[in-house]
Amino acid sequence: MGLNTHFLNPIRNLAFSPSEDERNNIPFHPTILTAAIGSGLTLSGSVNVMPATLKVNEIFRWANRISIPVAAALLVILIGITGTTKADFNTINSGIQPLEEETSDLSYVQEEHTLLTKNKKNVQEQLELLSYDTEYFQHILAITRFLSYNTPKEITMNNVSYQQGWEVKKFKKMGRDLVQLVEMEDEDKRTLRMVGDVKANAALKDRYFNNFISTLENSGLFQSVKVIFQNSQANMGSDRLQFEIKCII
């Protein structure tokens, strides 16, 4: 009720009007009222004549009464949650261990799978190589058949060879000597080497040769056709022409 109290004696906390002399004229000792006043402190709407310091202590007392059970309840809840979490963790861990053991037992399956994958890759590479070789063999048959039907009788083949890459003969001076060296070109390509002669009328031999080159280029059997060597010197005879042709298959 907003009553200010400062004294432990409840009578001294009461204001008497109009004179304070009445406080001392009470016919009994003030402490007799202590029990009655104390029992009325808890009544709703009663006047609290306790000193301010005791009022604060009373507030703390009630706060402790409430907070201690709440803290105890929270502690019990936390302990329960911790126990449940640990139990769940143990359950999960006990389930993981058998899986790890099964994974370890099945490691040989991974090794077998890796080996099978490697073998499969090797087989595929062999099949691709075999397929390529088969196509190459069929290509050679087609070229041989083509040359048999489309080579003029004026042209004679002295050497027809299928090879990987192309050999190039070069000369290099080493000291006072001139040494012949053989180098490889187009090592990743398969080639056809043709060496032969053209024997015909001096006015027609070049035409026969050029027509044969055009026939090779237009056959669709070669990626490229190149004349490496062409010779029709007078000492060979006016009716003769030697040649070497490189065809990339």
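Residue numbers for the sequence shown follow full-length UniProt numbering, beginning at 1 and rising by one. Note that beta-carbon positions come from the ideal geometry of N, C-alpha and C, so glycine has one too. Remember, predicted model here, so these are calculated numbers, not experimental data.
Where does residue 198 land, buried or exposed, given buried means 16+ other C-beta within 10 angstroms? buried
Counting pairs of Cβ atoms below 8 Å between the stretch 232 to 245 and the stretch 203 to 219, do you hit three or more? yes
Under the DSSP definition of a beta bridge, which residues are partnered with residue 224? 248
Could you check what DSSP says for residue 178 in three-state terms: helix, strand or coil? The three-state secondary structure of residue 178, taken from DSSP, is strand.
With DSSP collapsed to three states, give me the class of residue 154. Coil at residue 154, not helix or strand.
Just the C-alpha distance for residue 164 and residue 177, rounded to the nearest angstrom, thanks. 31 Å
Are the stretch 182 to 196 and the stretch 152 to 170 touching by the rule of at least three beta carbon pairs closer than 8 Å? yes
For residue 59, count the other beta carbons within 10 Å of its own beta carbon; 16 or more makes it buried, fewer makes it exposed. Which is it? exposed
Residue 168 and residue 183 look like a contact to me (Cβ under 8 Å); what is the Cβ gap, rounded to whole Å? 5 Å
Alpha carbon to alpha carbon, how far is residue 166 from residue 185? Give it in angstroms, no decimals. Using only the alpha carbons, I get a separation of about 5 Å.
Would you give the residue range spanned by the alpha helix (DSSP H) that residue 214 belongs to? 205 to 217
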